[in-house]
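Protein chains in written order, with our numbering: chain A, 360 to 618; chain B, 1454 to 1677; chain C, 9 to 86.
Step one of this worksheet: look at the structure below.
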Amino acid sequence: MYGKGLRTLSISTVIVMTVGLAMVFFYAPLEAEQGFLQKIFYIHVPMAIVTLVGFVVGGLLAIQHLRTRDPRWDMRSYVVIHMSLIFGIGTLITGSIWAKGSWGHWWVWNEPTLVSFLIIILLYATYQPLRFAIEDPERQSRYASVFAITAGAFVPMNFLAVRLSSAYLHPRVLGSTSNLPAQMALTFVVCLAAVALLFTTMCKYELTAKHSRAQVRALRRALLGEGTGPSRPRGRSAAPSVHPGAAARAGTHIAGRTG
Amino acid sequence: MRRTVGALLRKELLVELRTLESVPAMSLFAVTTFVVFHFALNRSSVDGDLAAGILWVTLLFAAILGINRLFVADADQGGFDAFLLAPVDRTAMLIAKALTLLAYLLVLEIVAVPAFALLLLAPPLGQALPGLLEILALGDLGIAAIGTLVAALAVRTRARDLLGPLLALPLLVPVVIGAARATSPLFTLPHAGSPQGRWLLTLGLYDLVFGLIAFALFDFLLED
Amino acid sequence: MPLAILAESPALPLHTAGKYVAGAYVVLFALVLIYVTIMAIRLSHIERELGELLEIAHRDPLESSREPQPDPAESTLA
C-alpha cells in the first residue's frame, strides 16, 4: 500500500510550502548586494540540495535492491532518480535565470554548483535510455541498480572535483550560503523543508499511481484470463513494474512487463 | 584468483595481438585527432592549459574506442557463458579486463604522447616527462576502472556503442579535470613547473573509490 | 526609508529583478502543475480501465466467476 501516508504528507507539504513562500517575500530581509534577485536563492538552493540527496538516496535504494532482489526497491529507486532528474533540470533552469539576472549570461562556468549539476544531469539522463535498451526485466533492474549505485557515488565526488577546479580562480557568482543572517537562515531552512516535502510527496504519489496501474492490470488478468493486454497499445516503457503481491515472490524471476 | 587473472589476461593480450582490433585503431585515432586539432584551432603549437586539454581530450576519446570494444567479443561469441561455467571468482574477469584496458592505454600513450610532442606541443617534452608519467599512470587507472565497469554495463544493451560513451564521459569528467589541471603546469613556457599535489590526490582518491565500486558491483552484471 | 536605500544599491533595479525572480518561481510552479497534469491523465486512464473491467464483470457473471488464473508471469522462462 503506497498511498497510506499520502494525505498527511501532501497536507504538510502545502502548509510548509505556503509558510516558506510567505517567509521569502514578507519576512526575509532584502540582501544588500543582489537585492530582490537574491530571492531566487530560496528555491534554487533547496532544489539543488534535494536533487543531490535524491540521487544518493536512489543509489542507496538500488543497493537494497541488489541485496534483497525485491523489485519494489528497484521501483522506488527508479522513481526517486526520475524525480531527482526533473528537480535537477529545475535547478539548472532556476540557476540559469539567476545567472542571467546577476551576471548577464544565461550560463556561467565559474559557478561550480551549476557546472557540477550539468555533468550530473548529463549522466543521469542516460538512466532511462539504459533501462530502455535492456529487454529482460530482471536484467534491466539489475543493471539499472548497478548504474544507480555508481552514479550515486559519483555525485559527491563530482562536486568535490568541480569545486576544486574553480576554487581559487573566480569568485562565486551566485553568492555563498555560509554566513546568513538569522532571518534569512530561518527562511532558507523552511524552504528546504518545503522542497524536500514536495519531492517526497511527488515520489509517493508516483509510486501509488504505478502500483494502482499494476493492480488494475492484475485485475484485468484475473477477470479475463491471460493474453489480454492493456486497453491502449503502447511501446515498452523504461519504468519497472511491480506486481501486487510481488513481495511474496521476491527473489524469483518476475517477468512483469509494463505494456 | 591470481592464476585466473593471469590466464584471462594472457588470453586477452594474445587475442589482441592476433586480431589487432583495438590498439592500432586507438593510436591512429589519437594521431589523426591531433591533426584535426591543428586545423580546427589553426595553431601550429600549443602550450599550457590548451596543450594539457588537447592531450587529455584526445586520450579520453581514444580510450572510449577501446572501451567500446572491450567486451564485444565476449558478448557476441559466448565468452560470458563460458566464463560463468568455470569455477572461478567472477571478479577475476573485471581485473583481467581492467588490466587489459590499462595495457591498451599504455601502448596508446607510447604512440600518442611522442606524436603530440612532435606535432603540437610547444615546450620540449623532456622536462615534462617525469611528472607526465605520474599523471598518465593515475589517469589511466581511473579510465581503466570506470571504463571496464561501463563497458560491462553497456555491452549487453541494444545500443551498446552509444550507451558506452554516454555513460563513460560524465563519469570520467573528474579524471579529465584532475589530469588536465595537473598536466598544464608541465607544459608552460618558458619552463615547466611541477604538477600540483592536490590534483594528484584527487585523481588517486577518485581511482580508489571507483576501483572499489567496480570491484563490488561487477559480479551483479555477470549473473545470467 | 532603509528599504529605499537598499533598493538603489542592488545589482538590478527592482522592476527587472522582479521579472527574474518571478520567472524562477514560475519554473517551480510549472514543474508541479505539469506533474499534476500527468497524474490527472493517468488517473483518468485508470478510471476508464476500471470502468471497462466493472462492465465486463457485470456483463459476464460466468466468465468473471472463473478461478483467477495463477499468474504465468511467475514462470522463470522469460
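Where a beta carbon is used, it is the ideal one built from N, C-alpha and C, also for glycine.
Problem set entry | Minimum Cβ-Cβ distance from GLY59 (chain C) to chain A less than 7 Å | Taking Cβ atoms only, chain A never reaches closer than 7 Å to GLY59 (chain C), which makes this a no.
For this session: Express the C-alpha separation of SER1475 (chain B) and LEU51 (chain C) in angstroms, rounding to a whole number.
Result: Going from the Cα of LEU51 (chain C) to the Cα of SER1475 (chain B) covers about 52 Å.
For this session: Would you mind sorting ARG593 (chain A) into buried or exposed? The rule is 16 or more other CB atoms within 10 Å of its CB.
Result: Confidence at ARG593 (chain A) is low in this model, with a pLDDT of 39, below 50, so its placement is unreliable and no value can be given for it.
For this session: For the region 1614 to 1624 of chain B and the region 1567 to 1586 of chain B, state whether three or more C-beta atom pairs, one from each stretch, are separated by less than 8 Å.
Result: By the C-beta criterion, the region 1614 to 1624 of chain B is judged not to be in contact with the region 1567 to 1586 of chain B, since fewer than 3 inter-stretch pairs fall below 8 Å.
Exercise. Should PRO1567 (chain B) go down as buried or exposed, given a rule of 16 or more other Cβ atoms within 10 Å for buried?
Worked result: With fewer than 16 other CB atoms across the displayed protein chains lying within 10 angstroms of its CB, PRO1567 (chain B) is exposed.
Exercise. Using the rule of at least 16 other Cβ atoms within 10 Å of the residue's Cβ for burial, across every protein chain shown, is GLN542 (chain A) buried or exposed?
Worked result: Here GLN542 (chain A) is exposed: its Cβ has fewer than 16 other Cβ atoms, across all protein chains shown, within 10 Å.
Exercise. Does DSSP put LEU1537 (chain B) in a helix, in a strand, or in coil?
Worked result: If DSSP states are grouped into helix, strand and coil, LEU1537 (chain B) belongs with the helices.
Problem set entry | Rounded straight-line distance, which links the Cα of SER443 (chain A) to that of GLY362 (chain A) | So the two alpha carbons sit approximately 20 Å from each other.
Exercise. Helix, strand or coil: which one does DSSP assign to GLU1676 (chain B)?
Worked result: Reduced to three states, the DSSP call for GLU1676 (chain B) is coil.
Exercise. Do the region 21 to 39 of chain C and the region 1636 to 1643 of chain B meet, that is, are 3 or more Cβ pairs less than 8 Å apart?
Worked result: Cβ pair count under 8 Å is below three, so no.
For this session: Label VAL1488 (chain B) either buried or exposed according to how many other C-beta atoms from any shown protein chain fall within 10 Å of its C-beta, with 16 as the threshold for buried.
Result: VAL1488 (chain B) comes out exposed.
Exercise. For GLU390 (chain A), which beta-bridge partners are listed by DSSP?
Worked result: A:GLY394, per the DSSP bridge assignment.
For this session: Flag this pair as touching only if the region 545 to 554 of chain A and the region 374 to 386 of chain A have three or more C-beta atom pairs under 8 Å; answer yes or no.
Result: Yes: at least three Cβ pairs fall under 8 Å.
Exercise. For VAL511 (chain A), is the classification buried or exposed, using 16 other Cβ atoms within 10 angstroms of its Cβ as the cut-off for buried?
Worked result: Residue 511 (chain A) is actually Gly in this sequence, not Val. Counting Cβ neighbours within 10 Å, GLY511 (chain A) comes out buried, since at least 16 surround it.
Exercise. What is the residue span of the alpha helix (DSSP H) that LYS363 (chain A) lies within?
Worked result: Secondary structure note for LYS363 (chain A): it is in no alpha helix (DSSP H), with a DSSP letter that is neither H nor E.
Exercise. So, is SER461 (chain A) buried or exposed, given that buried needs 16 or more other C-beta atoms within 10 angstroms?
Worked result: Buried.
Exercise. What distance in whole Å lies between the Cβ atoms of ALA1598 (chain B) and LEU1664 (chain B), which are believed to be in contact at a cut-off of 8 Å?
Worked result: With the sequence shown as reference, residue 1664 (chain B) is identified as Gly, and Leu is not the correct amino acid for it. Yes, GLY1664 (chain B) and ALA1598 (chain B) are in contact; Cβ-Cβ is about 4 Å, under 8 Å.
Exercise. In chain B, which residues lie with their C-beta within 7 Å of the C-beta of TYR361 (chain A)?
Worked result: Within chain B, no C-beta atom comes nearer than 7 Å to that of TYR361 (chain A); the closest sits roughly 26 Å away.
Exercise. Does the distance from the CB of VAL415 (chain A) to the CB of VAL505 (chain A) come in under 7 Å?
Worked result: The answer is no: Cβ separation not under 7 Å.
Problem set entry | Status (buried if at least 16 other CB within 10 Å, exposed otherwise) for ARG366 (chain A) | ARG366 (chain A) is exposed by the Cβ-count criterion.
Exercise. Sorted by chain position, which residues of the same chain lie with C-beta nearer than 7 Å to PHE1536 (chain B)'s C-beta, five sequence neighbours on each side aside?
Worked result: Excluding residues within five positions, the ones whose Cβ falls inside 7 Å are MET1546.
Problem set entry | Reduced DSSP category for LEU1473 (chain B) - H, G, I as helix; E, B as strand; rest coil | Looking at LEU1473 (chain B) - three-state DSSP - the assignment turns out to be coil, as it is neither helix nor strand.
For this session: Go through the region 1609 to 1676 of chain B residue by residue and report every complete run of the alpha helix (DSSP H) that reaches 4 residues or more, in order.
Result: For the region 1609 to 1676 of chain B, whole alpha helix (DSSP H) runs of length 4 or above, ordered along the chain, are 1613 to 1636 and 1650 to 1674.
For this session: Taking a Cβ distance cut-off of 7 Å, strictly less, list which residues of the region 1579 to 1606 of chain B are near chain A, in chain order.
Result: Per Cβ criterion, the list reads LEU1602 and LEU1606.
Problem set entry | Within chain E, partners of ARG501 (chain A) - CB distance below 8 Å | The chain labelled as chain E is not found among the protein chains of the depicted structure, namely A, B and C.
Exercise. What's the C-alpha gap between LEU1594 (chain B) and LEU1555 (chain B)?
Worked result: LEU1594 (chain B) and LEU1555 (chain B): Cα-Cα distance of roughly 7 Å.
Exercise. Which one of B:ALA1505, B:PHE1668, B:LYS1550 and B:VAL1626 has the shortest CA to CA distance from LEU1466 (chain B)?
Worked result: When C-alpha distances from LEU1466 (chain B) are compared across B:ALA1505, B:PHE1668, B:LYS1550 and B:VAL1626, the shortest belongs to B:LYS1550.
For this session: May I ask you to list the residues that DSSP assigns as paired with LEU1574 (chain B)?
Result: Bridge partners of LEU1574 (chain B): B:VAL1499.
Problem set entry | Whole-angstrom distance between MET516 (chain A) and PRO1627 (chain B), CA atom to CA atom | The straight-line gap from Cα to Cα measures roughly 8 Å.
For this session: Using a Cβ-Cβ cut-off of less than 8 Å, list which residues of the region 30 to 60 of chain C approach chain A; keep chain order.
Result: Residues of the region 30 to 60 of chain C with a C-beta less than 8 Å from any C-beta of chain A: GLY31, ALA32, TYR33, VAL35, LEU36, LEU39, VAL40, TYR43, MET47, ARG50, LEU51, HIS53, ILE54, ARG56, GLU57, LEU58 and GLU60, listed in chain order.
For this session: Using alpha carbons as the reference points, say which of A:TYR564, A:VAL404, A:TYR386 and A:VAL521 lies closest to ILE370 (chain A).
Result: Taking each of A:TYR564, A:VAL404, A:TYR386 and A:VAL521 in turn and checking the Cα distance to ILE370 (chain A), the smallest one comes out for A:TYR564.
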